[in-house]
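Everything in the sequence shown is counted per my numbering, starting at 5 for the first residue and increasing by one. What follows is a short report on a single structure.
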Amino acid sequence: MREYDEVVAENDRLSEQVALQEGAAVSAAASVRLAQELLALNGLPTLAGINSVTAQVIGETPTNFSQTVEINQGANAGIKVGMPVLNAAGLIGKVTEVFADRSLVMLISDPDYALSVKVVTKSSRTPVTLPPLPTEDAPTVDSVLDSAQTSSTSSTSTTTTTILGFTPSATTVPDAVIAGAGTNITVPVASQLAVRETGILEGRGPGSKPVVRFLDISTRADAIEVGAPIVSAGGSRSLAPPDVVIGIVSRVVERLGTAGPVLEVELVADLSNLSFLRVLLYQPITEAGR
Numbered sequence: 005m006r007e008y009d010e011v012v013a014e015n016d017r018l019s020e021q022v023a024l025q026e027g028a029a030v031s032a033a034a035s036v037r038l039a040q041e042l043l044a045l046n047g048l049p050t051l052a053g054i055n056s057v058t059a060q061v062i063g064e065t066p067t068n069f070s071q072t073v074e075i076n077q078g079a080n081a082g083i084k085v086g087m088p089v090l091n092a093a094g095l096i097g098k099v100t101e102v103f104a105d106r107s108l109v110m111l112i113s114d115p116d117y118a119l120s121v122k123v124v125t126k127s128s129r130t131p132v133t134l135p136p137l138p139t140e141d142a143p144t145v146d147s148v149l150d151s152a153q154t155s156s157t158s159s160t161s162t163t164t165t166t167i168l169g170f171t172p173s174a175t176t177v178p179d180a181v182i183a184g185a186g187t188n189i190t191v192p193v194a195s196q197l198a199v200r201e202t203g204i205l206e207g208r209g210p211g212s213k214p215v216v217r218f219l220d221i222s223t224r225a226d227a228i229e230v231g232a233p234i235v236s237a238g239g240s241r242s243l244a245p246p247d248v249v250i251g252i253v254s255r256v257v258e259r260l261g262t263a264g265p266v267l268e269v270e271l272v273a274d275l276s277n278l279s280f281l282r283v284l285l286y287q288p289i290t291e292a293g294r
């Protein structure tokens, strides 16, 4: 019986050691992941010289009833209501309540969240065809060289400039200019360059993608393609400085009548897995005094 008790005790001891090792392995893996997230966050470029505060998410995760998270930095770190919050991927929300050493952050998915954004639309390019040279007037290489020789001999003096480290190479010209051949050249004019459509991004709650509704109802759905980047528009009344990454267009929904299209947005930030965040010390005019 004593041997049996010793075996049971040894088994319990070994089981406890295995549990401790498993716990240590999980803890180490979590520490590595958190360290990687923190490094990625610190690697973000500074936005127009705006100072920021790094914070860690504490407390409960977002629920179906509350799309907010709590962070471990507050007024003592200079955080104020309305300041935008990012993770290593992009914008995740804004500060809504501030205490001495903690703050609450409303996520971008919250139905009460709205932000002015820009959508980079696709550009169109129209090929322009140059008219062909008339056959009888087509210049030859010899005539071009003779013309250049004549103009150079009429010059009274010649100045040669030598550039150190540079050796001129021979110029190769074609044997003949082919007449009657047109050339297609793509010319990007101002109206053909990428355009930034402006709209309002609105959260729709957990499990639903945010949407963008356009301020200009004349915006055409065919001018916007899936995968187009969406960034903050900026401006004195915006909740975030310009060009903060938000996501990409995942679907374009056309509406009847004169209303412009609605865009579904795939956020670049994973709101269900937030650890380290960065609060930009940027307070919009609309949030000042809170």
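We treat Cβ as the ideally placed atom computed from N, Cα and C, and that holds for glycine. Note that the structure is predicted; figures quoted are calculated from it, not measured.
Handout entry: Candidates Val124, Asp114, Glu7 and Val85: closest to glutamate 206 by CA position
Key = Asp114
Practice task
Starting from valine 61, trace the beta strand (DSSP E) both ways and give me its first and last residue.
Solution key: 56-62
Practice task
Quick one: using the 10 Å Cβ neighbour count with 16 as the cut-off for buried, is serine 240 buried or exposed?
Solution key: exposed
Handout entry: Beta carbon of proline 246 nearer than 8 Å to that of serine 236
Key = yes
Problem - Residue range of the unbroken beta strand (DSSP E) whose run includes phenylalanine 218 - result: 215-218
Exercise for the section: Evaluate tyrosine 117 with the Cβ neighbour count: other Cβ atoms within 10 Å of its Cβ, from every protein chain shown; 16 or more gives buried, anything less gives exposed. Expected result: buried
Practice task
Using only the heavy atoms of the ligand PLP, determine whether one of them is closer than 7 Å to the beta carbon of valine 12.
Solution key: Annotation note on the ligand PLP: not contained in the displayed structure, which lists no ligands.
Problem - Three-way DSSP call (helix, strand, coil) for alanine 13 in this model - result: helix
Problem - Strand pairing of leucine 281, partner residues [DSSP] - result: Ala59
Practice task
From the DSSP output, in three-state form, read off alanine 227 for me.
Solution key: helix
Exercise for the section: Look at glutamine 60 and serine 279 and say whether their C-beta atoms are less than 8 Å apart. Expected result: yes
Practice task
Kindly indicate the opening and closing residues of the beta strand (DSSP E) around glutamate 258.
Solution key: Premise fails: glutamate 258 is in no beta strand (DSSP E) and is neither H nor E.
Practice task
Give me the Cα-Cα distance between isoleucine 289 and glutamine 71, rounded to the nearest whole angstrom.
Solution key: 24 Å
Practice task
Kindly indicate which residue of Gly231, Glu268 and Ser242 has the alpha-carbon position closest to the one of arginine 208.
Solution key: Glu268
Practice task
Report the rounded CA-to-CA distance for valine 230 versus glycine 264, giving the unit in angstroms.
Solution key: 16 Å
Problem - Outcome for isoleucine 96 when other beta-carbon atoms lying within 10 angstroms are tallied against a minimum of 16 - result: buried
Exercise for the section: Output the distance between the C-alpha atoms of valine 121 and asparagine 80, rounded to the nearest integer angstrom. Expected result: 31 Å
Problem - glycine 207: first and last residue of the uninterrupted beta strand (DSSP E) it sits in - result: Counting along the chain, glycine 207 falls outside any beta strand (DSSP E), and DSSP gives it neither H nor E.
Problem - Neighbour-count burial assignment, alanine 92, 16 or more Cβ in a 10 Å radius - result: buried
Practice task
Report all residues from its chain with a CB closer than 8 Å to the CB of glutamate 74; omit the five preceding and five following residues, and keep chain order.
Solution key: Val61, Ile62, Gly63, Glu64, Arg106, Ser107, Leu108 and Val109
Practice task
Report the option in Val266, Leu271 and Ala244 whose CA atom is closest to the CA atom of leucine 284.
Solution key: Ala244
Exercise for the section: Pull up the CB-CB distance for valine 124 and proline 233, whole angstroms please, since I reckon it's below 8 Å. Expected result: 5 Å
Handout entry: Delimiting residues of the beta strand (DSSP E) encompassing alanine 4
Key = Only positions 5 to 294 of the chain appear in the structure, and residue 4 is not among them; the question remains open.
Exercise for the section: Quick one: grab the DSSP three-state call for leucine 95. Expected result: strand
Exercise for the section: Measure the alpha-carbon distance for proline 66 versus asparagine 15 and round it to whole angstroms. Expected result: 41 Å
Practice task
Enumerate in chain order the residues of its own chain whose CB-to-CB distance from alanine 104 is below 6 Å, with the five nearest sequence positions on each side excluded.
Solution key: Gly78, Ala79 and Asn80
Practice task
Give the straight-line distance between the Cα atoms of glycine 251 and arginine 259, rounded to the nearest whole angstrom.
Solution key: 22 Å
Practice task
Check whether the Cβ atoms of arginine 282 and serine 56 lie closer than 8 Å to each other.
Solution key: yes
Handout entry: Cβ neighbours of threonine 100 in the same chain (closer than 6 Å, five flanking residues each side left out)
Key = Leu108 and Met110
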